[in-house]
Amino acid sequence: MKRIVIFASGSGTNAANIIKFFNQTKTAKVTKVLCNNEHAKVFDRCKALNVSCLHFTKADFLASENILNILKEAADYVILAGFLWRIPPQIIAAFPNKILNIHPALLPKYGGKGMYGMHVHKAVKENKETETGITIHYVNEHYDEGAIIFQSKTPVLMSDTANTIAEKIHVLEQRYFPRVIEDVILNINE
Numbered sequence: 343m344k345r346i347v348i349f350a351s352g353s354g355t356n357a358a359n360i361i362k363f364f365n366q367t368k369t370a371k372v373t374k375v376l377c378n379n380e381h382a383k384v385f386d387r388c389k390a391l392n393v394s395c396l397h398f399t400k401a402d403f404l405a406s407e408n409i410l411n412i413l414k415e416a417a418d419y420v421i422l423a424g425f426l427w428r429i430p431p432q433i434i435a436a437f438p439n440k441i442l443n444i445h446p447a448l449l450p451k452y453g454g455k456g457m458y459g460m461h462v463h464k465a466v467k468e469n470k471e472t473e474t475g476i477t478i479h480y481v482n483e484h485y486d487e488g489a490i491i492f493q494s495k496t497p498v499l500m501s502d503t504a505n506t507i508a509e510k511i512h513v514l515e516q517r518y519f520p521r522v523i524e525d526v527i528l529n530i531n532e
């Protein structure tokens, strides 16, 4: 059974969904959630699901081996679920093609630094896009530029707002993210 560590920054709905999904499989288990926001709701979700959730600082993340050592002990795969910081090169090097991220748009559109959450949905609406979706991709040293693994689309109606677009994206995230992670693990399983 493979081990998954999730990085999260916010409410933790994707993290909780992934934990619940893998609690029902023999493919993998979420061993830990790491969070850079000490006030994030993901801590409450993890407590309810009996999964360890640790807070870390920017210094821990960038300037020391602390996070890398935790990952080496607890992870075969690293999943970014609403995590907003760029992953340091030493972590990418330690987990080649084993770090996955979900982005709330159809990359390469609406990707890059600062393009997350409602910023993406507002841009999609302002640019009068007729469709949007999710992209699940490998993580490299650049924001949202890793190889694309999976995309799913949803129409954007004239009547949609940034909030209704966000709701559509959330449905896609919940439906596909855990299954795509499992597919990646099963296909790459050594």
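The opening residue of the sequence shown carries number 343 in the numbering used here; numbering runs sequentially from there. All residues carry an ideal CB built from backbone N, CA and C; glycine is no exception. All of these numbers come straight from a predicted model, not from anything done at the bench.
Can you give me the C-alpha to C-alpha distance between residue i and residue j, rounded to a whole angstrom?
| i | j | result |
| --- | --- | --- |
| GLU532 | VAL347 | Because GLU532 carries a pLDDT of 45, less than 50, the predicted location of this residue cannot be relied on, and no value is offered for it. |
| ALA435 | LYS374 | 20 Å |
| ASN392 | GLU524 | 21 Å |
| MET457 | LEU528 | 30 Å |
| GLU534 | ALA350 | Only positions 343 to 532 of the chain appear in the structure, and residue 534 is not among them; the question remains open. |
| LEU499 | LYS368 | 40 Å |
| HIS397 | CYS377 | 5 Å |
| GLY454 | LYS464 | 15 Å |
| ILE511 | PHE403 | 29 Å |
| TYR518 | ILE476 | 9 Å |
| PRO520 | PHE363 | 6 Å |
| PHE437 | VAL466 | 32 Å |
| ALA401 | SER394 | 21 Å |
| ALA370 | ASP386 | 22 Å |
| ASP502 | TYR452 | 18 Å |
Can you tell me where the beta strand (DSSP E) with residue i in it begins and where it stops?
| i | result |
| --- | --- |
| ALA357 | No beta strand (DSSP E) contains ALA357, which is instead part of the alpha helix (DSSP H) from 355–365. |
| PHE398 | Run containing PHE398: none; DSSP gives neither H nor E here. |
Does DSSP classify residue i as helix, strand or coil?
| i | result |
| --- | --- |
| VAL372 | strand |
| LEU449 | coil |
| ASN531 | Its pLDDT being 46, under 50, ASN531 is placed unreliably in this model, and the coordinates cannot settle the point. |
Terminal residues of the continuous alpha helix (DSSP H) containing residue i?
| i | result |
| --- | --- |
| PRO438 | Per DSSP, PRO438 belongs to no alpha helix (DSSP H) and is neither H nor E. |
| LYS383 | Taken as a continuous stretch (DSSP letters only), LYS383 belongs to no alpha helix (DSSP H), as it is neither H nor E. |
Considering only heavy atoms of the ligand GDP, does any lie closer than 6 Å to the CB of residue i?
| i | result |
| --- | --- |
| GLU487 | Among the components of this structure there are no ligands whatsoever, and the ligand GDP is therefore not found. |
Write down the C-beta distance between residue i and residue j rounded to the nearest angstrom, noting that I regard them as a contact closer than 8 Å.
| i | j | result |
| --- | --- | --- |
| VAL481 | ILE429 | 5 Å |
| GLY354 | CYS388 | 7 Å |
| MET460 | ALA382 | Actually they do not touch by this definition, with Cβ atoms about 16 Å apart. |
| ASN356 | GLU515 | 6 Å |
| LEU426 | ILE490 | Not a contact, Cβ separation roughly 20 Å. |
At which residue ranges does the region 456–528 contain complete beta strand (DSSP E) runs of 3 or more residues, listed in the order of the chain?
473–480 and 490–497
Which full runs of the alpha helix (DSSP H) of 4+ residues lie inside the region 411–440, going along the chain?
431–436
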